[in-house]
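The opening position of the sequence shown corresponds to residue 8 in the numbering used here, with each subsequent residue numbered one higher.
Virtual Cβ for every residue (Gly too), placed ideally from N, Cα, C.
Please read all numbers here as calculations on a predicted model, not as lab measurements.
Presented below is the structure to which this report refers.
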Amino acid sequence: MRYLSSFRTSLKISRYLFRTLGVMLWAMGAVITLFYLFNIFNEVKSDIHQQYSSTYDSMVEYVHYTDKTLRSIQYMVDSHIEKLAQDPNYTPVLSKQLNLTYLPLTADADCSKLHETSKSYLVAFNQLFSFWRNNIVPPQGLKTVFIVGPESNCMIDLAIRNSTTSLQSFKKIIHENMRTYMSLRAQGREQNIYWITPASGIDNGSFYILAPIYDKGTLIGLIGLERSIRLEQFNLRYERPISTFVLNANNRLVLHFPYDSNLRSDDYVYQLENFHFGYDNDFSRLIYKNRLLPSLLSVVFSVPISDILNEFKLSIINGILLNIISFILITFLIWLLERKMLLPAEDNAIRLEEHEQFNHKIVASAPVGIIILRLVDGVNILSNELAHDYFRLLSYDDKTRILSIIQDKSSSYIDVVTTSHTHLQISYVISRYQNKEVAICVLVDISARVQMEKSLHNMAQASEQANQAKSMFLATVSHELRTPLYGIIGNLELLQSYELPIQADRLLTTMDHSSSLLLKIINDILDFSKIESKQLNIDPAPFNCREVFSFIISNYIPLIGKKGLSIYYYIDPNVPDIINADSVRVQQIVSNILSNAIKFTKTGFILLNIFIRDFYIYIEIRDTGIGMPDNILMQLFAPFFQIKVNNESFSQGTGLGLPICEKLINLMDGDIEVNSQVGIGSSFTVRLPLFDSEYVVCRHPEYRQNFRIGLYFFNHHLRDYLQTYLDYNGFKITTVCNEHSKDKIYDLIITDYEGLVAESKFTLRLFSTFIGEPQENAKNDWFHNTYQLDKLDGFIDQLVMENGEQEVVNPSSIMSLPDKKLCFLTVLIVDDHPINRSLLADQLKSIGFNIVLAEDGLIALDYVRQNNIDIVLTDVNMPNLDGYGLTKLIREEGYAIPIVALTANAMAEEKQRCLSVGMDDCLSKPVTLKKLKQSLLKCCDVSVLATQENND
């Protein structure tokens, strides 16, 4: 339980951890993206810084170059002055000298003073002016060179190009910067003065340099030059637009390109240090500021951050999209993981916990003891109260033995008797619980069951004794009833062989019918008792099913003819001739159902149809009797149930026939189906499996291939059966006739019309009510029944043979007259009952055997020792020496005489006992003459008959 709770908590924690992990993964991706973008930004920033530096270097170079130009002019002038001083006659070959123009800077200016103090310098300057104007000034881009007297406040302007600055403004600017220089000189901070004045454009102007002129260490004046400056020219190598600003020494804007109104009003830029590279106060621009050395001018470069971001805008968008997609993907994966794994696992954990609680409650409330033992040491891990109480009753040795059996898995059940004499049965299964091998044991108190088993065992013994008593009773009753009944039936059978008056013959028939009915009742009761006591056995053996079914039909033909019913017997040609089953039981089943069909049918027909399907043989018996409603069908196979009409029994009987048939069919692995409708009739279908079936191969006469047969029938079912039957038997030219084809000439016409006239050699009329052998109605015009259709091909062969004047032999019944050959066989009759002994003697004499009588086994044994005996026919139960003892002694003395037992006990065990002691056959009383003869002839030596006949 605690394990499941912690597992469920772990799953919840895992779910939140996975969410946190997903957020961390996304955050890490976002950080990587930011780092990547920041790196790109730094690269762009570095590129911009490089561009700033390059532009700044260009501007510094411009200042230095201008300053160098001024120094070059001064150097040239100084050099010329030195040459003039060394050689007064030195006159350079120069261009035409100019007249110098003096411009007062103030109202009190004294230009003569400037001329006097700077005469030598001005002379040299004037002499070189044309040279450097034509050779130096053009490549330098100079506009004006001027000389200023600081004491005279006068200026000499040597204009080279037209200046965009007005003269007054120019003079004012010169005067202000001169004063600035003088002020710095007075302060001991003497340096060149640099300044820029804007022109008409916002990005261009004039760049000025003002430097001192010394003559022998004395300041005689100031020389300056004006040079045009254009900010756009410093950023020509780069495509990225940069805003450039030039500030004076007081950090005031002088020039800028392009125009930026925000920057002009931004004091933050003006307050920056001399060198700065970074962002403005609102981080909207990237700014670079530096001094244009050696001047006090400053240059400021500015690029909007938005422009920088636009350069890698696609990367930013890609990064944002990538992070959005990664966020969606991670969110989806976490959701999918939770839905497919964590949530189901959590639900399973909850269900497992519920199941665990439920199992604990089941174990606790179970009506049996349940205990879980650890296999290693047998410790009780879990148990209910009942198991705990049971387990306490076990001794240490019992517990050790139980654990040993469970570990060895030698038995699935363990029976233990506790110290309180309680019988416990322990069943177990091996499993795992809490990661350990355990045995789940169920302890059941079987004390009541043990006591019940003892009682049942006693009852079973009593029941077995009762069954044995019942079997003994049945055998005794059967013996006592069959013995006198055998005397009645046998004598009645013998009487029927004599000529008697009509009245006596009628009474004899009634007596025979009553005795047969009594025998059937006895047989039914005996069979039912055998089935109930499970003593009835099925003895399968190969037999000819066609002969058996024909025999069954022939037994009921007189009754069918007496009631005037139509009888049809169809057996498909593809039904095997030999099948493996219990022929006696098959005959009993079919006879019982057929007897009921005849019994309950007043008008109409009886149909026996035999066919095979899917390795089963189907026996269908159909009638047009009274039919049965559904409530009758539900009770039809109940023992002792009888159908009643008008609240009276419809017929005599025990009500055991159909129940016995059902039991016999089940014993033969078959089944039975019943369909019935009141007023229409009933249909019984028996299905039996086919085992080891065989077909008898017959050669068909050659004439059948060309024998023309015409079928003209009102009964289409009969016609279809005949067509199949004749085709199967080699009549290949069988034709089905109709009204238009009946005048054709055929070899044989088969019809069910009585008045049909057709041209043919033979005419065969089939009538369902015709009883008996085929009968010739007119020349080559025969009547035939519908219950011997399976022999129709032989009858056709006989007609053809007779037409060809060949001799046809009609076999006669072997039972009609005594066989003269049997008189050579001597049968020893052994029976202690005089009536039965006399009856057997008369029966065997009527058959033709030579007989010898003996009253018991001892007399018979002496006769066998002293005389030649061919067959011994003996009773089983006799005084002095019974049939079993007689057989044993005869076999022990080496006699191989056939011995046939005759007993009133119809039990299967009786026959098996007779065969086990050495008898050849066993017959149950009462026995018919035919069956008696068949059994004796089967056991006798036919070679004796042949020898006796030859000697005769």
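Residue nearest to residue 122 within the set 933, 149, 249, 157 is 157 (criterion: CA-CA distance).
Residue 868 sits close to residue 888, with the two beta carbons spaced by under 8 Å. Only exposed fits residue 841, as fewer than 16 other CB atoms lie within 10 angstroms of its CB. Residues 844, 847, 882 of the same chain have their beta carbon placed closer than 7 Å to that of residue 838, with the five preceding and five following residues left out of the count.
By alpha-carbon distance to residue 180, the top candidate from 586, 165, 192, 203 is 203.
The C-alpha of residue 598 is placed about 12 Å away from the C-alpha of residue 627. Around the beta carbon of residue 702, a 10 Å sphere encloses fewer than 16 other beta carbons of the protein chains shown; the residue is thus reported as exposed.
Beta bridge pairing from DSSP links residue 788 with 770, 785. In this structure, DSSP gives residue 617 an extended state, which the three-state scheme calls strand. For the 8 Å CB-CB criterion, residue 308 and residue 82 do not form a contact. Residue range 864-873 is occupied by the alpha helix (DSSP H) that includes residue 870, with no beta strand (DSSP E) assigned at that position. Taking a 10 Å sphere around the C-beta of residue 886, we find fewer than 16 other C-beta atoms and assign the residue as exposed. The beta carbons of residue 423 and residue 393 sit no closer together than 8 Å. Taking the Cβ atoms as the reference, residue 379 lies roughly 16 Å from residue 372, outside the contact range of under 8 Å. Across the structure, residue 150 and residue 212 are spaced so that their CA atoms are roughly 11 Å apart. For the segment 554-631, the full-length alpha helix (DSSP H) segments reaching 4 residues or more read 590-606 along the chain.
In the displayed model, residue 518 falls within a helix according to three-state DSSP. At a Cβ-Cβ threshold of 8 Å, residue 580 and residue 735 count as neighbours. Under the Cβ criterion (8 Å, minimum of three pairs), the segment 589-604 counts as touching the segment 664-680. 8 Å or more divides the Cβ of residue 449 from the Cβ of residue 386. For residue 381, the uninterrupted beta strand (DSSP E) run begins and ends at 376-381, by DSSP. The three-state reading of DSSP puts residue 256 in coil, since its state is none of H, G, I, E or B. Assigned with DSSP and collapsed to three states, residue 723 falls in helix. Comparing alpha carbon positions, the residue from 66, 130, 46 closest to residue 85 is 130. Of all alpha-carbon atoms in 254, 413, 232, the one lying nearest the alpha-carbon of residue 210 is that of 254. Between residue 878 and residue 807, the beta carbon gap of about 44 Å keeps them out of contact (Cβ cut-off 8 Å). Here residue 256 has 303 as same chain residues with Cβ atoms under 6 Å from its own Cβ, once five neighbours each way along the sequence are excluded. In the structure shown, the three-state DSSP call for residue 200 is strand. Distance check between residue 757 and each of 780, 802, 779, 778 places 802 closest, using alpha-carbon atoms only.
Segment contact: the segment 691-705 against the segment 616-626, three or more CB-CB distances shorter than 8 Å; contact assigned. Per DSSP, the continuous alpha helix (DSSP H) segment holding residue 844 begins and ends at 841-854.
Taking C-beta separations shorter than 6 Å and ignoring five residues to either side along the sequence, the partners of residue 291 in its chain run 312, following chain order. Beta-bridge annotation (DSSP): residue 881 is paired with 837, 908. Check the Cα spacing between residue 221 and each of 382, 463, 127, 408: the tightest is with 127.
Taken atom to atom, the span from the alpha-carbon of residue 691 to that of residue 629 is near 6 Å. The C-alpha of residue 664 is placed about 22 Å away from the C-alpha of residue 576.
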